[in-house]
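These notes are about the structure you will find just below.
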Amino acid sequence: MGKYIIKRLLSLVPVLIGVSLIVFFLVRMIPGSALQMYMGTQVEATPEQMEELKRLFGEDKPIPVLYIEWVGDLLKGDFGYSLRTGRPVLPDILNRLPISLELTLYSLILALLIGIPLGVLSSLRQNTFGDFLNRVFGLIGLSLPQFWLAALMVIAFSNSQGWIPMGNYISLLQDPLKNLKMFFLPSLAIGFGFAAVVMRYTRNSMLEVLQMDYVRTAKAKGLPHRKVILIHALKNAILPVITVTGFNAGYLLGGSIVIEEVFALPGMGRLALYAINQRDYPVIQAIVLVIATLFVLVNLVTDLVYALADPRIRLVDEKR
Amino acid sequence: MKTPRLLRNKIAMAGLVLILLYVLMSVVSLFWLPFDPLAMHAEQILQQPSFATGHLFGTDEFGRDILSRIMKGTSVSFIISVSATALGAVIGIFMGVWAGYLGGKADNVIMRIADILFSFPSLLLAIFIMAVLGEHTYNVVLAIGIVYIPQFARISRGAIIALKGNEFIRAAKSNGAGRNYILAHHLLPNITAPLIVQISLSLSTAILLESALSFLGLGVQPPNPSWGNMLSSARKVMMFAPWTAVYPGLAIVLLVLGFNLLGDGLRDILDPRLRNVR
Amino acid sequence: MQKRDVLLEIRDLKVHFPLEKGILFKKNVGSVRAVDGVSFSVYKGESLGLVGESGCGKSTTIMALARLERITEGQVLFEGKDLATLKAEELTRARKDFQIIFQDPYSSLDPRMRVLDIVAEPMRIFTKKGILSLSEKEIEEKALSLMDKCGLSASYAKRYPHEFSGGQRQRIGIARALSLGPKLILADEPVSALDVSIQSQILNLLKDLQKEFDLTFLFIAHDLSVVEYFCNRVAVMYLGNIVEMASSNALYKDPMHPYTKALLSAVPIPDPVAATTRKRLILKGDVPSPSVVRPGCPFFERCHMAMPMCKERKPRLLEVGEDHQVACFLYEKVEGDVHA
Amino acid sequence: AGVAEQAPTAQKSPTLTIGVSQEAVGLDPHIVTAFSSMRRLDLLYNRLVRLDDNMQVVPDLAESWEIPNNLTYIFHLRKGVKFHNGRELTADDVKYSLERVLDPATASPGRSYISTISKIEVVDAYTVKLTLSAPLASLLDALTSNNISIVPKEAVQANGNLQRVAVGTGPYMLQEWVVDNSMTLVKNPNYFEAGLPKSDQIIFRVIPEEASLYAGVRSGNLDLATINDGATIRQAKSDKNVVVMSKPGMNVRVFSFNNQKKPFDDIRVRQAVALALDRSEILTMAEYGMGAATGPIPISAKVWAISPDKLPLGKTDYAKAKQLLADAGYPNGFSFDIVCSSTYEGGLAVAQVVQNQLKNIGLTANLDVVEWGNYIDRWVKRDFATMVELRGGSSEPDRFLYRSLHSTGGVNNFMYKDAETDALLELGREQTDPAQRKATYDKVQEVLSEKAPLVFLYSPNENQVTSPYVEGFKQIGNGSLYYVTHAQVIK
Amino acid sequence: MKESPILQVEALMTEFKTERGIVNAVNKVSFDVERGQTLGIVGESGSGKSVTNLSILRLIEFPPGRITGGKVLFHDKDLLTATEHEILGIRGKHISMIFQDPLTSLNPVIKIWKQIAEALILHQGMKKKEAKMQAIELLRIIGIPDPQTRAECYPHQFSGGMRQRVMIAMALSCNPDILIADEPTTALDVTIQAQILELIRARRDQQQTSVIMITHDLGVIAEMCDQVCVMYAGRIVEKADVLDLFQSPKHPYTQGLLDSIPRLDRTGVERLHSIKGSPPDLLHLPEGCPFRERCDKAMNRCVSELPPELVLDGSSSPRKVACWLYADKEEAHAKA
Ligand SMILES: Nc1ncnc2c1ncn2[C@@H]1O[C@H](COP(=O)(O)OP(=O)(O)OP(=O)(O)O)[C@@H](O)[C@H]1O
Ligand SMILES: Nc1ncnc2c1ncn2[C@@H]1O[C@H](COP(=O)(O)OP(=O)(O)OP(=O)(O)O)[C@@H](O)[C@H]1O
Ligand SMILES: [Mg+2]
Ligand SMILES: [Mg+2]
């Protein structure tokens, strides 16, 4: 198992190399530069000043050289300095990470809390009106643009204290209640659509599992319906849900840009958006790397959880 | 056999009807619109929906008729979602099919590329591409299409690998069929079912992605209306003129719902698990 | 003993599937020895049965000899040509002469093709490759006549496989196998998936076709009664090896290998009177894993007659009677004693 | 009932929370360019002189000053002013700070404001003498800029630059900065102005959505917020839970031409466009009326500005415009691109209205809406035919117009070269007599309106929304939050 | 008169609603199970064997399935009208089942001992620990080597034969009165099949359990059963003592079946008999006898009238046949 994890971690290397190459060169293909953004449309500068600025903004060397320097620094643990704020990149990213992680986690929890029971209910009443309503509800959930939902929430809750984060991040340790309160609406805005996904997966997977012979075996043993569903069916039906959950978790970590924007949550997504807008290359590069790493890590965790939940999956090739 | 199945599936039919309504709307919008969707009227800014003025969905901050703009935006949404899906599907399926069919090293290489694309969050990737290419409608198509590539690649690869184990593939081989022949005659025709489902779902997400991009100011650019940029500009005024956000939002929700209903229904129809076999 | 023409000869065929590990850089960590040194010949006009328990390598053997599975080692001489080393184009040419009937009537037909196209497909491919020269009309006529021979009426031509029952699908598969006019039919459990009443129809059909087209069969089954009925010679496989080979009569009357004996005694006989009197030889345990390398007799672990030497050396296939071969030290010893 | 309704004794809250839409980009006053940074610097540093709420230059670190001739300025500093690090400020710090700004290696944007300073002499610990190489009428105004704040040398040397630290003399000291979340400032107990600042603590919160900013004030999460967006202000105005402070600011929205690109190299074409643009309609539709029509000098610079309807081409006249177009050889109009961006500065809304208005004289404008970084790229490369811009104006005409419209101006991106304009701007720069200068700049405004190298449209309002409990805040009109020092929340 | 049967199935009817119409999967099926005896049910795929037995324990999924008529009397209690609570008390305790596919019939994510212990806890009121001990004991009895450690395994770590044994251990854990074995060996190799059949035989003989053995293998029937029912298209076409059935099959279908299997005990058969045609589509059952289209002896009457169940005299006990051939024969007398 330990060996397996190490192997999986090693497989990060090529992904990171690929991602870093793409990002590094892609970012520099975006028209405009950090220096231009910095100068804006109002500032005059003499040619000597421009030379100096170019040096400061790292625009004085060819891109491949810059790439190699950057990778060299990375290996030393130096992620560089933000061109926008002049602050070191890594601490700023690490500051935001908890916010994105929390948002992701809460959305997933909400989604699972809503999605799994609905999916199970729906599958048990397949093709009834209730099932139909459930599915349509789920599909509507899938069809709502997150940002629209979020914007409507901001309108609806603009008068109530504490529900809209307003750029004011309160950490879980500081005040758990306030923390949960401020994350509730953003998590719901994300979780709602994802709940629909969970519901669909749970439903489909339950439908499949309910036709399996072992469910019949359990019933033939005289187990009451509730136990058959909760113990025998759900344990199996949950497996594909684990996979999608993990998959979406990976996505959400870097993907809740719009929600962070609307609710003014200072997370990674927003940082990424700003960094792109400001051509803050070191920040963009670092974020993308961090997100890609997280993505791979989350996938690894998902696989581990999956292996825990499904004994058939073996992480290491054992002898049979 | 096929058509009646579709017709009998309530969910798919509901989706189809919704989509057809939109198609109708987009066709009508080519010839007729209640008002000029681009004409501004300083004296009619942010009017409430009303029968009396004829602005059934109200007007926006430039006094433009929202209904007309939504109608005009329909074709844009269709064009973007259809072409982005087509782009992603063609390239993704091509990659996935070959990866799945060839297996081994080719599979490894192709899928690693897809993985790298995959480990970018889709919106971020789209934002990147838009930033590099600039804000044009066809770049929106490109950005969303690229986001779709790995998804289609995965699905078609999975489907091909599942199919490869079937004995009829061996049968064809034993009858002297070559690689390309098997691909064209046996594999591709048989992966259409999962792909059709994926396509209809992709059509729906394309609309959502486009609107999210527009919402961030990166999608279809004003004054041309798209539902996303209508919402984006409504952001400022929606607190006191909620109709500016509600109707374009509903336009998105209903069409996306249409594609999702269709996709879900098709899945029911095409998924043998949910059917009584034999 | 009459002189018989050898149509197919297999010499020391081995098919090993590599067991791979690793994510990026795959490395071999052993192999599944699905077929581990099999030799036999198929004579013109005969039906050779290949029996054995699930996983013993029957399918792999014929898939390998049809070059649908990679051959690890060994020769496959078909009319003198070694199929194992033929180049792609020659191989295609050769395929005309040996065709396969598959086990699963559901997955062996492309669900998206019409029956007529399924039957005609091999002819179309060979025409396209310039090996046959048939017009589309000829192809269709031939396909229809084959369908007719296999008990499928012409009115089925435009239907899809899912509209047929298992038995009918198997008939489609048979018609397809016959379309190129092969000499050898490799039948991989063609009746295992079928109901008893249908099974006899198909077996009869195959017998009729054999006569009509002068076919040679390599017939796989796990049901010993079916093999007994259909084949004149039988090879018994265990864990990738042939442990006994004999004419049907000899094998069923006088099985020699302990495994064959156990196998025969385990087959339930539809006769309640006989059932009560029959003595059963019940084997312990299951078929062991083919990925473990064992130097000795493959049947060693389950054999009730096992001797110490069985664990160390692998017995050779020895001629023990007229047209009867066994791979077991029980008989080797006797032979050895005679010589000593 | 009277007793029951009586409010509990009003209590002063120690904290004032300010919502802003953009995060500060570094805090080194000599380096930063971003408006958002300036708003923090208002509270952290001082300059020699500052502007009051009537846009008058008043003492800040300099108690008083003398201008013996138009090339010499002598400043007398306050005594006992202490930096946040506890050291007293002296004339050496002023010399060091000005020299740092002037050093090209600092790459300070403030350099261009004061580049004519040729000599800085420390007369005594509390007196500094500046000598100019050429007259610069706008020097005092330039010294009010945040970019010319006075900083301690040792802090710069210790940190390389001051982007992440703040060691000023200002009323507040930097306590904590969580980027894109909040910045907490605490009262400077040694601040030199007696009784200031009023609040013990200031918290800046970054909330990018303007609607959310407004919601923040409404819900009491914020005490004060700066909001640009007209729509939001319009709504806030009808809301009794908040107080809206609004007055035309110093920025100018302009519609600019590339004066060397066909067809806008033809003055008649430019004039036609100028005549076709209806400022009040643009204001209504793009800003919800939150602004004032302006000519070349921001209308809020009351001393200098002339209202556009009193200037040439200030009133819409389609007939004349069409005639001009016909004269220029475009009787049927033509089509061209307007570069704009969806950020506030990028003026997308204005561009849409302009596009619509130009239809009236048969011109077809296509919007080239680009992302902000692209926009700047286009601007820098002068890759546009026309563009909607927001120009940062100034109450000092020289500071604004010279760099924008003089043929050698650092931000003259219109490629505008006109001898008459150049001469007038050079003259205005040297004149120290107010009446003479006024005459010169009246002429400048007339010439610029007539020749229309760009069309000055309006000055958007500077808006602050506060909760009703905020007392003492005043707007200056250039966005500065200096008067936060005077503000407190009393509930 | 012998002891009354332990289970009586009377005119059981089960149907499925499908997209294409209603399938009458089980149509008026009646049979009795005697204490300690083994009843075999043979028939082709789709003839309704499994559905019949699932119906006994009301394990038919609704929708699409529904039991539409008949009685299932267990100790004079009709299981079809029993309350949910009553039926739960019978399943697994008095009547238990083994299914065809040992691979899919065990829950893949639950440990072996837990799956066995479940029924013990439920029906015998055992504590968890006690149940685990008992489960391990059961594993030992069915011949799993090293039961202590193997109990902690998951099903996929067992071979097919071992899994099927676990199924049997599970089914027999509460000493049921009746064991229903639905093709328990179809998925297994012959040598393993022999092991499993041996195990069932031994348990049956020790505990006097009645067994219903479903199979399509006449060999298994011959080896295991006392009585046999032959099913065709949802009906029982012949019911007899095992000896009678094999010695003198009456129904043309049974005769055809017996003739069409290759048999090791009768080598050298040149050509098998085969029943023409294929089993009917239950959706479109023809009127009259469902077998008539494949029957060599079909008469006009077969086309229009469904043959009733006729009682004939057998050598050891009365036997029943549903075929018009015997309607006029002396020996036949229609069942009351
Ligand atoms: N592609 C493969 N990779 C690895 N192992 C394989 C592969 N194909 C077959 N095997 C293994 O080879 C052995 C022989 O398989 P084969 O299919 O030839 O058996 P069989 O005798 O045909 O069995 P059955 O009666 O079940 O069809 C089995 O253990 C199987 O697991
Ligand atoms: N869930 C279901 N939905 C619809 N029809 C069903 C369902 N289950 C069974 N049937 C139908 O009921 C009939 C009897 O099925 P059953 O499973 O009892 O056959 P069987 O005799 O056990 O066959 P096998 O030997 O294949 O197990 C079949 O025609 C089948 O199509
Ligand atoms: Mg096989
Ligand atoms: Mg069954």
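Residue numbers (our numbering), protein chains in the order written: chain Z, 267 to 586; chain X, 4 to 281; chain G, -12 to 327; chain H, 39 to 529; chain E, 8 to 343.
Built from N, CA and C at the ideal position, the CB exists for glycine as well.
Predicted model, so just to flag it, every value in this text is computed and none were measured.
Buried versus exposed, by CB contacts within 10 Å (16 or more), E:F69: exposed
Chain-ordered residues, beta carbon under 6 Å from a heavy atom of ligand 1: G:F4, G:V19, G:A21, G:G39, G:S41, G:G42, G:C43, G:G44, G:K45, G:S46, G:T47, G:H209, G:P277
Nearest candidate by alpha-carbon position, reference E:S98, set E:S217, E:A178, E:R211: A small fix is needed here, since residue 98 of chain E is Arg in this sequence, not Ser. Residue E:A178 is the option with its Cα nearest to E:R98.
Contacts around G:F113, its chain only, beta-carbon distance under 6 Å, and the 5 residues preceding and following it disregarded: L119
Where X:G252 meets chain Z, residues with beta-carbon distance less than 9 Å: L410, P411, W414, L415, A417, L418
For E:C236: DSSP bridge partner residues: E:I48, E:K246
Distance cut-off 8 Å: E:E51 Cβ against heavy atoms of ligand 4: no
Proximity of E:A176 and E:L129 at Cβ, strictly below 9 Å: no
Nearest to H:A525 (by Cα), restricted to the options H:R306, H:D261, H:V493: H:D261
Identity of the residues DSSP links to G:V63 by a beta bridge: G:I(-3)
Top-ranked residue by Cα proximity to H:C378, from H:I271, H:W410, H:E464: H:W410
Beta-carbon spacing of H:K360, H:A423 below 9 Å: no
Cβ-based neighbour list, Z:S366, same chain, cut-off 6 Å, excluding 5 preceding and 5 following: L519, G533, M534
Cβ separation of H:A488 and H:P350, assumed to be a contact under 8 Å, to the nearest whole Å: Per the sequence shown, the amino acid found at residue 488 of chain H is Glu instead of Ala. Right, the Cβ-Cβ distance comes to about 4 Å (below 8 Å), so this counts as a contact.
Minimum C-alpha distance to H:F11 - residue among H:Y454, H:F121, H:M76: In this structure chain H extends from 39 to 529, so residue 11 of chain H is not present and cannot be described.
Rounded Cβ spacing between H:R77 and H:V58 (contact assumed at less than 8 Å): 7 Å
Reduced DSSP category for G:N218 - H, G, I as helix; E, B as strand; rest coil: It is Cys, not Asn, that sits at residue 218 of chain G in the sequence shown. In the structure shown, G:C218 sits in coil (DSSP, three-state: anything other than H, G, I, E or B).
Endpoints, beta strand (DSSP E) assigned at H:V166: 165 to 170
Contact belief for H:G233 with H:Y83 at Cβ below 8 Å, rounded distance in angstroms: About 20 Å separates the two Cβ atoms, so there is no contact after all.
Proximal residues of chain H, C-beta to C-beta of Z:E527 below 9 Å: P246, E247
Residue range of the beta strand (DSSP E) that includes E:D335: Run containing E:D335: none; DSSP gives neither H nor E here.
CB of E:I199 within 9 Å of CB of E:T193, strictly: no
Chain-ordered neighbours of X:F218 on chain A, where CB pairs are closer than 7 Å: Considering every chain present, this structure includes no chain A. Its protein chains are Z, X, G, H and E.
In chain order, each beta strand (DSSP E) run of at least 3 residues that lies wholly inside the region 106 to 166 of chain E: none
At least 3 beta-carbon pairs within less than 8 Å: the region 512 to 529 of chain H vs the region 90 to 108 of chain H: yes
Rounded distance between the beta-carbons of E:L127 and E:C181, thought under 8 Å: 7 Å
Test: X:G137 CB closer than 9 Å to a CB of chain Z: yes
E:Q200 CB to nearest heavy atom of ligand 2 below 8 Å: no
Those residues which DSSP pairs with G:F85 across a bridge: G:L171
Beta-ladder partner(s) of G:M224, from DSSP: G:I229
Any C-beta of chain X under 9 Å from that of G:A233: no
Cutoff 7 Å; reference X:A162; Cβ partners in own chain excluding five residues on either side: I194, P197
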